[in-house]
Every structure is written in C-alpha cells, then in structure tokens.
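These protein sequences, in sequence, are chains A and B.
Every letter in the first sequence is one number past the one before it in full-length UniProt numbering, and letter 106, counting from 1, is 106.
Every letter in the second sequence is one number past the one before it in full-length UniProt numbering, and letter 63, counting from 1, is 63.
Structure, as structure tokens:
There are 2 protein chains.
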Amino acid sequence: MLHDPAQLDLMFQALADPARRQMVDRLSRGPASVSQLAEPLAMSLSAVVQHLNVLEASGLVRTEKLGRVRTCRIELQALRAAEHWINERRLAWERRLDRLGDFLAETKDET
Amino acid sequence: MLHDPAQLDLMFQALADPARRQMVDRLSRGPASVSQLAEPLAMSLSAVVQHLNVLEASGLVRTEKLGRVRTCRIELQALRAAEHWINERRLAWERRLDRLGDFLAETKDET
DNA sequence: ACAATAGTGAAGTAGCTACTTCAGTATCGA
DNA sequence: TCGATACTGAAGTAGCTACTTCACTATTGT
C-alpha cells in the first residue's frame with residue numbers, strides 16, 4: 001500500500017481544492033468524461049483539464065482515452081491510502097485517550 | 001460535523017505537507033510543545049510555528065499556552081471530518097462496483 | 001538580577017498554484 | 001467532406017506557500 005510521503009503529499013494536495021473534490025465526488029458516483037466533469041464548474045475547460053492532471057498525478061483518478069473522449073474513474077487504492085493515513089493517527093490518539101481514561105479510573109479506585 | 005468546503009480545504013491543505021503530517025503523527029502519540037514538535041524537523045523554529053498556525057487554522061490541532069510553553073494536541077473531530085469525507089466517496093464507489101458485479105452475475109445467469 | 005529558555009512577529013524571497021486566453025489536433029456524425 | 005465536438009498545450013499572470021533571518025517579548029531557574 002502506498003505510504004510514500006511524496007504520494008501522500010500529492011493526494012492531500014489534490015483533495016485540498018474544492019473543484020477537485022467536486023470532481024472526485026462526481027466520479028464516486030460513476031465514471032465521467034472531461035466535459036461532464038467540467039459541466040458544473042465555473043471555469044474554462046482548460047482549467048478543468050489541469051485539475052484533472054493533478055488528480056491523475058496523485059493517483060486518485062485514472063483516465064483512459066477512447067476516440068476523442070477521455071473517460072475518468074476513481075482509483076480505489078489511492079483513496080484508501082489517504083483514508084488509512086488519517087485513520088491510523090486517529091486510532092493512535094483514541095487508544096491513548098482510552099488508556100488515559102483507564103488509568104484515571106484505576107487511580108480513582110485506589111482511594 | 002464540519003462539512004464546510006472551506007474547512008475541508010484547510011484540512012487537506014494542512015495534511016498536504018510532509019512536515020505538517022510529521023507533526024500530526026507526533027501529536028497522535030500525545031501532546032507536545034512547539035520545541036518538541038520542532039526537534040525532529042530540519043527547519044527553523046519560526047517555520048515550525050508557521051506550520052503549527054496552519055494546522056491550528058485547519059482545526060486539526062488545538063493549542064494552549066501555559067507560562068512560556070505552548071502545548072499542542074490533536075483535535076479528534078477535525079481528523080474524523082477529513083476521514084469521513086474520503087470514506088463517503090470510497091463507499092459510494094464501492095457500492096457502485098458491487099451493484100455492477102451483481103448485475104453482471106445476474107445477466108450471466110440468464111444465458 | 002541575569003542568563004537561558006520558549007516562543008512570537010515582521011519582512012523578504014524563490015518557487016508553486018490556479019487560473020486565463022488562444023491556437024491547435026484528433027475524431028465523429030450527417 | 002465539412003462542421004461540430006472533445007479535448008490538448010503553451011504562455012502569461014496574480015496571488016499564495018514555505019521557508020529564511022533577525023529582532024523581540026515573556027517566563028523560568030539559579
């Protein structure tokens with residue numbers, strides 16, 4: 001699984017832009033062409049293609065060109081890698097809080 | 001729960017930098033002072049404080065100053081919000097793949 | 001009181017990001 | 001074959017990001 005810091009940089013960077021998150025959101029409901037991704041966004045097609053390149057470089061999206069249409073789809077593994085990184089830190093912290101709670105409960109018992 | 005796009009921008013932006021992820025990682029193992037966060041990083045204390053401000057603005061980290069020491073800790077809710085956003089999109093896509101699989105299995109049965 | 005510690009704040013700067021426009025190429029449909 | 005469609009790529013630009021250094025303030029230990 002991709003734990004390469006540079007890859008995580010690219011993924012979180014990619015998700016840091018609302019237009020790109022909107023694109024990912026759209027793609028989570030199924031594959032789409034570049035124009036379909038562009039349609040709800042208030043920017044030039046060129047700008048959308050540039051966002052798409054960022055998403056593709058991050059590994060979050062894979063694209064495939066058939067004829068003149070470029071079809072984009074979400075890449076599950078990358079999405080999981082980003083989620084996993086956050087999840088690990090959250091769990092570490094939650095476990096720590098639990099231990100702290102246990103400790104406080106125990107010291108209270110000892111009075 | 002914080003689903004505000006601007007807040008998500010700030011969170012993912014914050015996580016897009018390896019130094020800041022390292023700080024979050026350190027904090028997931030327990031609270032720390034600014035100098036403790038800075039210690040493993042190859043940059044000036046000033047730079048670390050600037051990163052810390054980014055993390056605090058994103059809501060991922062909360063700090064509290066006592067005397068001359070600023071103690072930093074992770075903010076569980078923000079971490080959950082970022083994780084949740086990714087999780088929702090991943091699940092949407094996975095459910096879609098499942099439905100697609102079911103559909104293919106069914107049409108195969110009909111031969 | 002004084003030195004060391006812990007952090008703050010401002011200014012400067014190199015490099016990056018998110019666009020724009022415009023000019024182009026390939027493919028498709030009638 | 002010809003016009004519409006679906007991108008593609010380059011160049012330019014305003015604004016942001018990740019630092020740096022340096023000068024500073026507040027707190028603590030001796």
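Just so you know, even glycine gets a beta-carbon here, dropped at the ideal spot from N, CA and C.
| Going by C-alpha distance, which of B:V69, B:A16, B:R29, B:A19 is nearest L76 of chain B? | Of the residues B:V69, B:A16, B:R29, B:A19, the one whose Cα lies closest to the Cα of L76 of chain B is B:R29.
| task | Taking 9 Å as the cut-off, decide whether the C-beta atoms of N87 of chain B and E88 of chain A are in contact. | result | No, they are not a contact pair.
| Entirely enclosed beta strand (DSSP E) segments - the UniProt domain "HTH arsR-type" (1 to 94) of chain A, minimum 3 residues | Counting only runs of 3 or more, we get 61 to 66, 69 to 74.
| field | C-beta atoms of S58 of chain B and A14 of chain B nearer than 9 Å | value | Result yes, Cβ atoms of S58 of chain B and A14 of chain B sit closer than 9 Å.
| query | From V34 of chain A to L79 of chain A, what does the alpha carbon distance come to, in whole angstroms? | reply | Rounded to whole angstroms, V34 of chain A to L79 of chain A spans 20 Å at the Cα level.
| Beta-carbon neighbours of G30 of chain B, restricted to chain A and to distances below 7 Å | Near G30 of chain B (Cβ distances below 7 Å), the residues of chain A are R96.
| message | When you compare the CB positions of I74 of chain A and L45 of chain A, do they come within less than 9 Å of one another, or not? | response | No, the Cβ-Cβ distance between I74 of chain A and L45 of chain A is not below 9 Å.
| task | Please list, in chain order, all residues of the same chain as M11 of chain A whose beta carbon is under 8 Å from its beta carbon, the five residues on each side excluded. | result | Result list for M11 of chain A: S58, G59, L60, A78, A81, A82, in chain order.
| For V24 of chain B, does the count of other Cβ atoms within 10 angstroms reach 16, so buried, or fall short, so exposed? | Counting C-beta atoms within 10 angstroms of its own C-beta, V24 of chain B has 16 or more neighbours from the protein chains shown and is therefore classed as buried.
| message | Let's test the definition: count the other Cβ atoms within 10 Å of the Cβ of V69 of chain B and tell me whether it reaches 16, buried, or not, exposed. | response | By the beta-carbon neighbour count (other beta carbons within 10 angstroms, threshold 16), V69 of chain B is exposed.
| query | Which residue from A:W85, A:C72, A:G101 puts its Cα closest to that of V48 of chain A? | reply | For V48 of chain A, the closest of A:W85, A:C72, A:G101 by C-alpha to C-alpha distance is A:C72.
| field | Given K65 of chain B as reference, the closest of B:P31, B:M43, B:L41 once Cα atoms are compared | value | Minimum Cα distance to K65 of chain B is reached at B:P31.
| said: Can you give me the C-alpha to C-alpha distance between E94 of chain B and L100 of chain B, rounded to a whole angstrom? | reply: CA-CA distance, E94 of chain B to L100 of chain B, rounds to 10 Å.
| field | Between the CA atoms of Q22 of chain B and L52 of chain B - distance to the nearest angstrom | value | Approximately 11 Å, taken between the alpha carbons.
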